[in-house]
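If you're matching positions, the sequence shown starts at 16 in our numbering and goes up one per residue.
I have placed the structure first, in the form of structure tokens, so that the comments after it can refer back to it.
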Amino acid sequence: DPEADPVAMQYVPQLKELDQAAEELIDPIGDDAHSPVKGIVHRYPDRVLLQPVQVCAVYCRYCFRREKVGQHGQILNDNELEAALDYIRGNENIWEVILTGGDPFVLSPRQLTGLLQKLCAIDHVKIIRFHTRVPVADPARITLKLAEILKQAQELGKAIYVVIHINHARELGDDVHAALNMLKHAGCVILSQSVLLRGVNDNVEALENLFRTLIQIGIKPYYLHHLDYAPGTSHFRVSIEAGQELMRALQGRISGICLPTYMLDIPGGYGKIPLTPCYIDDDGAGGYKVQNYKREVFSYPPKGVEQP
Ligand SMILES: *Cc1c(COP(=O)(O)O)cnc(C)c1O
Ligand code: SF4
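Structure follows, in structure tokens:
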């Protein structure tokens with residue numbers, strides 16, 4: 016359905032992309048401001064992004080790195096990768112390495128083996144996290160060979176987390192499910208991240224269905240991202256108020272394990288900001304007004320009850 020297909024809408028270019036709003040930016044989350052060496056973004060003390068490749072299996076029209084990914088087949092060369100790894104080796108605060116890009120799972124098994132062996136040799140790195148769309152966009156790339164590589168990294172003492180990018184339950188076909196099962200059987204913990212997109216998933220039913228479907232196959236929804244200000248993406252934008260309203264509608268309606276955190280990344284590289292709706296307010300008399308999932312308001316501590 017070219018008018019309203021929630022999967023096609025994510026990938027098929029639209030003329031509306033030519034409308035660029037003044038607040039839209041080439042580098043909407045300030046990656047460049049926090050890049051000490053090529054291929055590394057270091058914003059938080061204990062974790063870095065490592066971007067070995069700027070290629071994806073598929074290009075999302077609303078991508079926050081759309082000015083970077085897929086431009087000219089970029090992959091870090093041997094010297095650049097060594098310099099990036101040296102940065103990690105030399106900084107003992109780095110507890111977690113997040114492989115992103117682009118998409119790290121477009122690397123060949125041989126390239127991934129080499130990279131993981133080097134990361135596994137760094138003592139202070141305990142967690143290796145992949146951010147990927149490959150299991151959803153090209154599940155055939157998740158092979159037994161890849162599963163074996165990920166298993167080996169765990170045998171070398173590292174925990175492996177795979178965070179898949181998925182925005183609609185319709186993206187979760189049998190082949191995707193099978194690919195995810197392979198990763199799970201290889202011992203990876205699988206989480207998901209989604210982007211809140213107008214016309215794709217900006218209604219309670221679509222989000223409920225997506226999060227329930229993920230939890231049913233053992234994947235924990237991690238983040239629901241507010242759309243970044245990438246150029247030509249305003250037709251996908253949902254307001255923060257509408258996003259918070261959707262989170263409120265989901266709270267209580269679906270199991271707590273289904274609920275991701277609604278998250279904003281601001282320009283300039285200052286970090287992520289949770290947009291969780293607020294359920295508590297000062298009552299002006301030393302206590303609080305709190306709201307439950309049915310939007311009933313209560314005093315807390317309860318009025319009239321003696322406090323010790
Ligand atoms: C998003 C991001 C992370 C990961 O943040 P989490 O909240 O741990 O998922 C780490 N580094 C950078 C630069 C990021 O943009
Ligand atoms: S998979 Fe991620 S990095 Fe690649 S185009 Fe989509 S949003 Fe951008």
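Where is the CB? At the ideal position from N, CA and C, for every residue including glycine.
Here the structure is a predicted model, which means the values were calculated and not measured.
Quick one: what's got a C-beta closer than 8 Å to residue i's C-beta in the same chain, skipping five residues either side?
{"i": "residue 202", "result": "165, 166, 169 and 175"}
{"i": "residue 110", "result": "61, 62, 139, 140, 141 and 142"}
{"i": "residue 272", "result": "230 and 235"}
Expressed to the nearest angstrom, what Euclidean distance is found between the alpha-carbon atoms of residue i and residue j?
{"i": "residue 187", "j": "residue 228", "result": "8 Å"}
{"i": "residue 237", "j": "residue 96", "result": "29 Å"}
{"i": "residue 29", "j": "residue 213", "result": "14 Å"}
{"i": "residue 284", "j": "residue 41", "result": "13 Å"}
{"i": "residue 193", "j": "residue 269", "result": "25 Å"}
{"i": "residue 90", "j": "residue 286", "result": "26 Å"}
{"i": "residue 318", "j": "residue 277", "result": "32 Å"}
{"i": "residue 102", "j": "residue 311", "result": "52 Å"}
{"i": "residue 121", "j": "residue 67", "result": "10 Å"}
{"i": "residue 57", "j": "residue 308", "result": "38 Å"}
{"i": "residue 99", "j": "residue 305", "result": "48 Å"}
{"i": "residue 80", "j": "residue 53", "result": "15 Å"}
{"i": "residue 161", "j": "residue 282", "result": "35 Å"}
{"i": "residue 258", "j": "residue 18", "result": "23 Å"}
Suppose contacts are defined by Cβ-Cβ distances below 8 Å. Is residue i in contact with residue j by that definition?
{"i": "residue 82", "j": "residue 244", "result": "no"}
{"i": "residue 25", "j": "residue 75", "result": "yes"}
{"i": "residue 215", "j": "residue 265", "result": "no"}
{"i": "residue 239", "j": "residue 211", "result": "yes"}
{"i": "residue 325", "j": "residue 207", "result": "Coverage of the chain is limited to positions 16 through 323, which leaves residue 325 absent and any answer about it impossible."}
{"i": "residue 72", "j": "residue 153", "result": "yes"}
{"i": "residue 275", "j": "residue 226", "result": "yes"}
{"i": "residue 65", "j": "residue 114", "result": "yes"}
Secondary structure at residue i, three-state DSSP: helix, strand or coil?
{"i": "residue 57", "result": "strand"}
{"i": "residue 145", "result": "strand"}
{"i": "residue 86", "result": "coil"}
{"i": "residue 266", "result": "strand"}
{"i": "residue 318", "result": "coil"}
{"i": "residue 28", "result": "coil"}
{"i": "residue 167", "result": "helix"}
{"i": "residue 276", "result": "strand"}
{"i": "residue 63", "result": "strand"}
{"i": "residue 15", "result": "Because the chain spans 16 through 323 in this model, residue 15 falls outside it and cannot be assessed."}
Leaving out the 5 sequence neighbours to the left and right, which residues in its chain are closer than 7 Å to residue i when beta-carbon positions are compared?
{"i": "residue 302", "result": "314, 315 and 316"}
{"i": "residue 50", "result": "56"}
{"i": "residue 134", "result": "112, 140 and 143"}
With a CB to CB cut of under 6 Å and the five nearest residues on each side skipped, what residues in its chain are close to residue i?
{"i": "residue 235", "result": "206"}
{"i": "residue 157", "result": "150, 194 and 197"}
{"i": "residue 145", "result": "114, 119 and 177"}
For this session: Within the segment 221-251, note down every full beta strand (DSSP E) run reaching 3 residues or more, in order along the chain.
Result: Whole beta strand (DSSP E) segments, 3+ residues: 235-240.
Problem set entry | Sequence ranges, beta strand (DSSP E) only - wholly within the segment 288-319, length at least 3 | Within the segment 288-319, the runs of beta strand (DSSP E) at least 3 residues long that lie entirely inside it are, in chain order, 295-297, 303-306 and 312-315.
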